[in-house]
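Heads up: the structure comes next, in structure tokens.
Residue numbers (our numbering): 78 to 618.
Given below as structure tokens:
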């Protein structure tokens, strides 16, 4: 979901995706820093003439044995596509509304008569990120004779209306407007090119949510959707109460021995929070805390409130690493700027695997700093940590995702410190709402997502949607994990992180993700076959 987790609400101190990706999204939520995701392994980030101090050492080499099995992203994908812009109406539900230019890419090298359109349902980032990483589309294009279309979500990438004044016109940023964009764009493309072919949608995280809602709302436009890691059950008001604590429980599971991490990783991480609080009580302790965590001189640690910010920053690293807990080194969670190692949570846990004396707060936190370096020093050139440099998304994209969170996609989360390895942060709607009013001047509508899209009841009436989720992905706890019919099905990726199945194939892929991709392909064939069978039946009438 970019990225796949959103920036946290400062009053509630609970991290959310985009996504996705957060989300973060992460996705994402998340994004906006997107360079072409050709792996930038040779890039040098320091411009100093004199020799700089040695970067923070994490000794990844001794833990990361599969150094060269990086996620395989072909380097020429953009060259195979045409970048185009389409004049969209800003408000599809108001005659005479202004317009904006929506960017999309068309990649038609594999297209054949009698083929299909593979349509990527853009989410909260520059669409080039998804063009360069959605291997499931590229790898099946030839077999399906597919034309690939990657559509960018309004207000992201190059599809931003109003230029620098965009933040004064946020009312046009909504899921229903984005879905209408996609419906209008597909209709235009099929009309302009005289195409009578099936359309199969793809989306991950927030994009998977949009894709599933797209199929529900516009079933005459899109014939089926592969929705990877789509947390569409993360809202209040559904017929089953929301499990608000599932995200951090799954992050904690990733740090468990069952998931391949060091046996005492989660318990040691759970000890770091009271250790920070204890050191934060005195000036001497705060200096020790700052040194132990390798924080830069510019980082202010002068009060317990400052310590809370450090704790949030540290927690966020494990949230992102859990989403990117892939079986091979990958640049996806880092937007192509740097590379996380294979199973980054396991690597991070290896640095905090020792037994620490109960009163050795400094030793514990010094080891924890190396764990955090797996994420925050993924470039391996950091001399110290700046809290402000922790985001893998642009400030603008992060702001826009925060607006969507406040206006429509309100996903409450709860941290209890018992079933997860963090510290108790109860869900606080009042604090969330006050933040949204302060930032955007709007009140949260806590039931709107379920009211608008129907939750589980709508799934029972839907068709032709495949939901995939990996048990290493923190968002899977609010994803679709059971079949609702023969055509609304759930596929489980054992040992899979955030929409692993949508990625390019890798020799380190697990048997489970290979099986899921094959099942997804069979559903895609079924949808295409049904389209052409209907077309033939109409011709015979």
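For each residue, glycine too, the CB sits at the ideal point set by N, CA and C. If you're wondering where the values come from, they're calculated on a predicted model, not measured in any experiment.
One Cα belongs to residue 441, the other to residue 458, and the distance between them is close to 23 Å. If you check the CB distance, residue 407 and residue 416 come in under 8 Å. Less than 8 Å divides the Cβ of residue 363 from the Cβ of residue 356. Collapsing the DSSP output to three states places residue 271 in coil.
In this structure, DSSP gives residue 427 a helical state, which the three-state scheme calls helix.
Comparing C-alpha distances from residue 547 to each of 527, 612 and 401 shows the shortest one belongs to 401.
With fewer than 16 other CB atoms across the displayed protein chains lying within 10 angstroms of its CB, residue 359 is exposed.
In the DSSP assignment, residue 163 forms a beta bridge with 179. The straight-line gap separating the alpha-carbon atoms of residue 501 and residue 495 is approximately 8 Å. Within a 10 Å sphere around the beta-carbon of residue 156 sit fewer than 16 other beta-carbons, which makes this residue exposed.
Residue 352 places its beta carbon 8 Å or farther from that of residue 485. Just so you know, the alpha carbons of residue 542 and residue 375 end up roughly 49 Å apart. In the structure shown, residue 197 adopts extended strand secondary structure according to DSSP, grouped into three states.
For residue 372, there is no enclosing beta strand (DSSP E), as DSSP marks it with neither H nor E. In this structure residue 346 is buried. Its beta-carbon is surrounded by 16 or more other beta-carbon atoms within 10 angstroms. Here residue 492 has 325, 499 and 502 as same chain residues with Cβ atoms under 6 Å from its own Cβ, once five neighbours each way along the sequence are excluded. Pairing residue 151 with residue 240, the inter-Cα distance amounts to about 32 Å.
About 38 Å separates the Cβ atoms of residue 461 and residue 519, ruling out a contact at the 8 Å cut-off. The continuous beta strand (DSSP E) containing residue 569 extends over residues 565-570.
Collapsing the DSSP output to three states places residue 158 in coil.
Per DSSP, residue 278 is one residue of the beta strand (DSSP E) stretching across 276-281. The beta carbons of residue 314 and residue 524 sit closer together than 8 Å.
The continuous beta strand (DSSP E) containing residue 542 extends over residues 542-547. Residue 317 is not a Cβ neighbour of residue 300, given a cutoff of 8 Å. Residue burial is scored here from C-beta neighbours: residue 210 has at least 16 other C-beta atoms within 10 angstroms and is therefore classed as buried.
Looking at the DSSP output, residue 462 shares a beta bridge with 372.
The region 378-390 makes no contact with the region 522-536; the number of CB pairs closer than 8 Å stays below 3. Inter-residue distance for residue 563 and residue 599 is about 13 Å (C-alpha atoms, whole angstroms). A Cβ-Cβ distance of about 29 Å is found for the pair residue 179 and residue 220, leaving them out of contact under the 8 Å criterion.
Here residue 310 carries a coil assignment [DSSP, helix/strand/coil]. In chain order, 293 and 565 place their CB closer than 6 Å to the CB of residue 539, counting only its own chain and leaving out the 5 sequence neighbours on each side. For residue 233, there is no enclosing beta strand (DSSP E), as DSSP marks it with neither H nor E. Of all C-beta pairs linking the region 301-313 to the region 265-282, three or more are shorter than 8 Å, placing the two stretches in contact. Of the residues 185, 255, 530 and 419, the one whose Cα lies closest to the Cα of residue 405 is 419. For residue 317, no beta strand (DSSP E) run applies, since DSSP gives it neither H nor E. Non-local beta-carbon contacts of residue 187 in its own chain, meaning distances under 7 Å to residues more than five positions away in sequence, involve 218, 219, 222 and 223 in chain order.
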